[in-house]
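As they're listed, the protein sequences go chains S and F. Here the first sequence stands for residues 5 to 117, where the numbers follow the numbering used here. Here the second sequence stands for residues 6 to 117, where the numbers follow the numbering used here. The structure under discussion appears below in the form of structure tokens.
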Amino acid sequence: QKEVEQNSGPLSVPEGAIASLNCTYSDRGSQSFFWYRQYSGKSPELIMFIYSNGDKEDGRFTAQLNKASQYVSLLIRDSQPSDSATYLCAVNILSNSGYALNFGKGTSLLVTP
Amino acid sequence: EAGVTQSPTHLIKTRGQQATLRCSPISGHTSVYWYQQALGLGLQFLLWYDEGEERNRGNFPPRFSGRQFPNYSSELNVNALELEDSALYLCASSFQPVDEQFFGPGTRLTVL
Chain S
5 QKEVEQNSGP
15 LSVPEGAIAS
25 LNCTYSDRGS
35 QSFFWYRQYS
45 GKSPELIMFI
55 YSNGDKEDGR
65 FTAQLNKASQ
75 YVSLLIRDSQ
85 PSDSATYLCA
95 VNILSNSGYA
105 LNFGKGTSLL
115 VTP
Chain F
6 EAGVTQSPTH
16 LIKTRGQQAT
26 LRCSPISGHT
36 SVYWYQQALG
46 LGLQFLLWYD
56 EGEERNRGNF
66 PPRFSGRQFP
76 NYSSELNVNA
86 LELEDSALYL
96 CASSFQPVDE
106 QFFGPGTRLT
116 VL
């Protein structure tokens, strides 16, 4: 079973601070990596994707990938209360039976005013 | 650009019945994926369809099946419903299998 692990949280940060969300994965053959945000009762919303080692920035969000350490993270700068949600890490793997997107169970983020 | 759409929003069935859920992908996307999100279990991959063919399936019994139509819309069928099938069923689509997936609003299935 190819695992995607996240700390369930809750991670609590004050408004304006940096929130750091982490994810590890077990399959070295993983090719693409995604971060989704999911508000309670809603469907996941894509925030970032990253394919290559290093950092990728988009507005207040930065995704970091380290394939050697099998580690992907999401930084949220200037956190806002509206960022309070569950953040899902997803890893796309290719096996003998085809592609599949494996999700972690998510980290709950709470941004306090 | 219209997003992924799913119907119905809610579905209530009794144990042993069959449920049919529908999904329309984003225009231009040929890959459609189905996921189950049960309480406390996270998102579980169910099925992947591309160009009308089933390309991959997750660790679910054969009573979970589906198909993809020539217009790339898809249908998920769940036969012989069990109480533990109660969950949010999410459909997603992508342009290519390695690309980012965009999710629909989901169908909430309740089995009584």
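Note that the Cβ used here is the ideal one computed from N, Cα and C, for glycine as well.
Would a check of beta-carbon distances place F:L114 closer than 8 Å to chain S?
At a cut-off of 8 Å between C-beta atoms, F:L114 does not count as an interface residue with respect to chain S.
Mark S:D59 as exposed unless 16 or more other C-beta atoms lie within 10 angstroms of its C-beta, in which case mark it buried.
With fewer than 16 Cβ atoms within 10 Å of its Cβ, S:D59 is classed as exposed.
Which of the residues in the stretch 96–109 of chain S, read from start to end, lie with their CB under 9 Å from any CB of chain F?
The stretch 96–109 of chain S vs chain F, Cβ under 9 Å: N96, L98, S99, S101, G102, Y103, A104, L105, N106, F107, G108, K109.
So what does DSSP say about F:L88, is it helix, strand or coil?
When secondary structure is reduced to three states using DSSP, F:L88 falls in the helix class.
Starting from S:T90, follow the beta strand (DSSP E) in both directions and report where the run begins and ends.
The continuous beta strand (DSSP E) containing S:T90 extends over residues 89–99.
Per-residue burial, F:T19 [other beta carbons within 10 Å of its own, 16 or more giving buried]
Looking at its Cβ environment, which holds fewer than 16 other Cβ atoms inside 10 Å, F:T19 is exposed.
Segment limits, beta strand (DSSP E) that includes F:H1
Outside the shown range of chain F (6 to 117) lies residue 1 of chain F, about which nothing can therefore be said.
Quick check: is the beta carbon of S:F37 nearer than 8 Å to any beta carbon in chain F?
Chain F contact via Cβ: absent.
Beta carbon of F:L26, beta carbon of F:Y94: below 8 Å?
Yes.
According to DSSP, is F:S70 part of a helix, a strand, or is it coil?
In the structure shown, F:S70 sits in a strand (DSSP, three-state: E or B).
Of all the options S:N100, S:Y103, S:V76, which has the alpha carbon lying nearest to the alpha carbon of S:Y91?
Ranking the options by Cα distance to S:Y91, first place goes to S:V76.
For S:E7, which residues of its own chain have a beta-carbon under 6 Å away from its beta-carbon, when the five flanking residues on both sides are left out?
Closer than 6 Å at the Cβ level, and outside the excluded window around S:E7, lie S30.
Could you run through the stretch 50–61 of chain S and flag, in chain order, every residue whose CB is less than 8 Å away from some CB of chain F?
Going along the stretch 50–61 of chain S in chain order, one finds L50, F53 with a Cβ nearer than 8 Å to chain F.
Looking at C-alpha atoms only, which residue of S:N106, S:G102, S:N100, S:A89 is the closest neighbour of S:L25?
Nearest to S:L25 by C-alpha distance, out of S:N106, S:G102, S:N100, S:A89, is S:A89.
Less than 8 Å between CB atoms is the rule here; does F:V103 satisfy it with respect to chain B?
Judged by its chain identifiers, the structure shown contains no chain B, and its protein chains are S and F.
First and last residue of the beta strand (DSSP E) that includes S:L25?
Membership of S:L25 in the beta strand (DSSP E) is indicated by the continuous run 23–29.
Beta-carbon spacing of F:I17, F:F107 below 8 Å
Cβ atoms of F:I17 and F:F107: not closer than 8 Å.
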